[in-house]
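Before any comments, here is the structure.
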């Protein structure tokens with residue numbers, strides 16, 4: 019069995035109306051957090067900005083929480099604008115859903131990460147970030163074939179595709 023994971027290369031971009039540009043534009047992750055203390059409570063946002071005019075919008079990470087409720091090392095990473103933490107939140111779909119932010123699926127770049135590889139008749143691809151990608155494109159990349167060759171093998175039955183877990187796990191059985 020060969021086992022791969024799909025991982026986004028960059029933080030998700032969002033599509034949003036920009037008041038300065040006057041229309042819908044792409045917003046990108048600035049890799050900066052905004053931390054605001056209001057009395058004894060803290061708010062944390064991930065800052066996104068318009069690609070064209072740099073107008074910003076904030077995606078809520080933590081809202082009105084006691085600072086002691088946030089692990090100390092994570093709080094320090096918020097204050098230091100830790101790149102790894104920015105990327106982690108910038109690829110966490112639940113943050114975008116909670117903020118009602120539309121992810122720009124057409125601008126998403128992904129990479130396949132090889133977790134385990136054996137010469138065998140089964141390939142498993144896990145999509146933990148729920149990224150919309152074409153399974154045939156991924157398989158073509160793994161097998162170093164063209165997509166039309168993969169389509170032909172799927173049609174012939176020499177490759178069988180099985181989707182599990184709502185399409186977040188794809189198995190390819192090689193005959």
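In this note's numbering, the protein residues as written are 19 to 193.
C-beta atoms are modelled at their ideal positions from N, C-alpha and C, and glycine is treated no differently.
None of the values given here were measured: they were computed from a predicted structure.
Taking 9 Å as the cut-off, decide whether the C-beta atoms of residue 186 and residue 140 are in contact.
-> Within the chain shown, the letter at position 168 stands for residue 186. Within the chain shown, the letter at position 122 stands for residue 140. Not closer than 9 Å, so no.
Measuring CA to CA, which of 167, 162, 64, 81 is closest to residue 57?
-> To locate residue 57, count along the chain shown from 1; it is residue 39. When only C-alpha atoms are compared, the closest one is 81.
Have a look at residue 120 and residue 99 and give me their C-alpha separation to the nearest angstrom.
-> Here residue 120 refers to the residue found at position 102 when the chain shown is read from its first residue. Here residue 99 refers to the residue found at position 81 when the chain shown is read from its first residue. Cα-Cα distance, rounded: 24 Å.
Own chain, CB closer than 7 Å to residue 159, minus 5 neighbours either side, in chain order | Residue numbering aside, residue 159 sits at position 141 when the chain shown is read from its first letter. Contacts found: 130.
Nearest-angstrom Cα separation, counted from residue 93 out to residue 20 = The sequence position of residue 20 within the chain shown is 2, counting from 1. The sequence position of residue 93 within the chain shown is 75, counting from 1. Their backbone Cα atoms lie some 38 Å apart in a straight line.
Let me know the alpha helix (DSSP H) ranges lying completely inside the segment 108–158, each 4 residues or longer, listed in chain order.
-> Listed in chain order, the complete alpha helix (DSSP H) runs (minimum 4 residues) inside the segment 108–158 are 111–116.
Return yes when the Cβ of residue 44 is within less than 9 Å of the Cβ of residue 125, no when it is not.
-> Within the chain shown, the letter at position 107 stands for residue 125. Within the chain shown, the letter at position 26 stands for residue 44. In this structure, residue 125 places its C-beta atom within 9 Å of the C-beta atom of residue 44.
Evaluate contact between the segment 30–45 and the segment 109–123, counting only Cβ atoms and requiring at least three cross-stretch pairs below 8 Å.
-> Between the segment 30–45 and the segment 109–123, the count of C-beta pairs closer than 8 Å reaches three or more; the two stretches touch.
Going by the CB atoms, is the gap between residue 156 and residue 22 shorter than 9 Å?
-> Start at 1 with the first residue of the chain shown, and residue 22 comes out as number 4. Start at 1 with the first residue of the chain shown, and residue 156 comes out as number 138. One thing to note: residue 22 has its Cβ within 9 Å of the Cβ of residue 156.
Extent of the continuous alpha helix (DSSP H) run through residue 169 = Within the chain shown, the letter at position 151 stands for residue 169. Where residue 169 is concerned, the enclosing alpha helix (DSSP H) stretches over 165–174.
Excluding the five sequence neighbours on either side, which residues of its own chain have a C-beta within less than 6 Å of the C-beta of residue 168, listed in chain order?
-> The sequence position of residue 168 within the chain shown is 150, counting from 1. Around residue 168: 154, 157, 158.
Please confirm whether residue 96 and residue 79 have their CB atoms less than 9 Å apart.
-> As a position in the chain shown, residue 96 is number 78, starting the count at 1. As a position in the chain shown, residue 79 is number 61, starting the count at 1. For residue 96 and residue 79, yes; Cβs fall inside 9 Å.
In the DSSP assignment, what are the bridge partners of residue 96?
-> To locate residue 96, count along the chain shown from 1; it is residue 78. DSSP lists no beta-bridge partner residue for residue 96.
Just the C-alpha distance for residue 184 and residue 28, rounded to the nearest angstrom, thanks.
-> By one-based count along the chain shown, residue 184 stands at place 166. By one-based count along the chain shown, residue 28 stands at place 10. If you draw a straight line from the Cα of residue 184 to the Cα of residue 28, it is about 24 Å long.
Measure the alpha-carbon distance for residue 54 versus residue 77 and round it to whole angstroms.
-> Taking the first residue of the chain shown as 1, we reach residue 54 at position 36. Taking the first residue of the chain shown as 1, we reach residue 77 at position 59. Spanning the two alpha carbons is a distance of roughly 13 Å.
Hey, residue 59 and residue 91: beta-carbon distance below 9 Å or not?
-> As a first step, residue 59 must be located in the chain shown, where it is residue number 41. As a first step, residue 91 must be located in the chain shown, where it is residue number 73. No, these two residues do not count as a Cβ contact at 9 Å.
Top-ranked residue by Cα proximity to residue 182, from 146, 61, 26 = Locating residue 182 in the chain shown gives position 164, where the first residue counts as 1. Nearest of 146, 61, 26 to residue 182, Cα basis: 146.
Nearest-angstrom Cα distance between residue 61 and residue 128?
-> Indexing the chain shown from 1 puts residue 61 at position 43. Indexing the chain shown from 1 puts residue 128 at position 110. Each residue's Cα considered, the two are about 31 Å apart.
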